[in-house]
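A.B. asks: Going by the UniProt record's numbering, the sequence shown opens with residue 1, and the numbers climb by one from there.
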Amino acid sequence: MLKKYLYIFFISMVPLIELRGAIPVSQILSLPLIPSYMVCILGNMLPVPIIYLFARKVLEWGADKLVIGKFFTFCLEKGEKGGQKLQAKAGRGLFLALLLFVGIPLPGTGAWTGTLAASILDMDFKSSILAVMLGVLLAGIIMLLVSVAGVGLFM
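1. Count the other CB atoms within 10 Å of the CB of glycine 91; is the residue buried (16 or more) or exposed (fewer)?
2. Could you tell me whether the Cβ atoms of alanine 97 and leucine 106 are closer together than 9 Å?
3. Taking the runs of the beta strand (DSSP E) that are 3 residues or longer, which of them lie wholly in the stretch 58 to 96?
4. Out of curiosity, what's the CA-to-CA distance linking methionine 45 and leucine 6?
5. With contact counted as at least three CB pairs below 8 Å, one residue from each stretch, are the stretch 67 to 86 and the stretch 30 to 39 in contact?
6. Could you check whether the stretch 19 to 28 touches the stretch 49 to 66, counting it as contact only if at least three pairs of C-beta atoms, one from each stretch, sit closer than 8 Å?
7. Do valine 102 and glycine 114 count as a contact pair if the criterion is CB distance below 9 Å?
8. CB-CB under 7 Å to serine 12, same chain, minus the five flanking residues each way: which ones, in chain order?
9. State the Cα-Cα distance for the pair aspartate 122 and leucine 94, rounded to the nearest angstrom.
10. May I have the straight-line CA-CA distance separating methionine 133 from aspartate 124, to the nearest angstrom?
11. Just confirm the distance between the C-beta atoms of glycine 79 and phenylalanine 72, as a whole number of angstroms; I'd bet it's less than 8 Å.
12. Would you report the Cα separation of leucine 130 and leucine 99, rounded to the nearest angstrom?
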């Protein structure tokens, strides 16, 4: 059982997959809903402060390096595009926009991208983390509902 929880914990930490992929996996593995939800939230949120504090600096440092430059530049551009879109749509409601950006489970709109966008937009640390946390909670609830319905149809 612990092995299954570790599995979904680590899936939740993977960029682009995050808890959007881990919650359905937890239901396929027949894990209980609430503990799975909490494990996925923890796994998804664990890298967020590190991303906010260091990702931009690391990406800017690596953008001109030979082997990793293309990938780092892609990540920077993705974060900048996400941040610009968010700022254009949100204006003064940036907190709510970030929450919804992270909370609506679409590809490329998770905690990793949202946190990177927040750091590029120079949002303050506390607001960014809170908005991303609430967004992850919302995305988790949506994915739980979809997963339970989907797994229920096939089992």
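In this text, a Cβ means the ideal position worked out from N, Cα and C, and glycines have one as well. Because the structure is a prediction, the values reported are computed rather than measured.
C.D. replies: A quick look at the data gives this:
1. Exposed.
2. With contacts defined as CB atoms closer than 9 Å, alanine 97 and leucine 106 fail to qualify as a contacting pair.
3. Listed in chain order, nothing qualifies, since the stretch 58 to 96 has no complete beta strand (DSSP E) run of 3 or more residues.
4. Our two residues, methionine 45 and leucine 6, have alpha carbons roughly 15 Å apart in a direct line.
5. A contact between stretches requires three or more CB pairs, one per stretch, nearer than 8 Å, and the stretch 67 to 86 fails this requirement with the stretch 30 to 39.
6. Flag = no, the stretch 19 to 28 and the stretch 49 to 66 do not touch.
7. Closer than 9 Å, so yes.
8. Apart from the 5 residues on each side of it in sequence, serine 12 sits with its Cβ closer than 7 Å to the Cβ of Glu18, Leu19, Ala22, Cys40, Gly43 and Asn44 in its chain, given in chain order.
9. Roughly 11 Å between the two C-alpha positions.
10. Taking the straight line from one Cα to the other gives about 14 Å.
11. 11 Å between Cβ atoms; not a contact.
12. Their Cα atoms are separated by approximately 8 Å.
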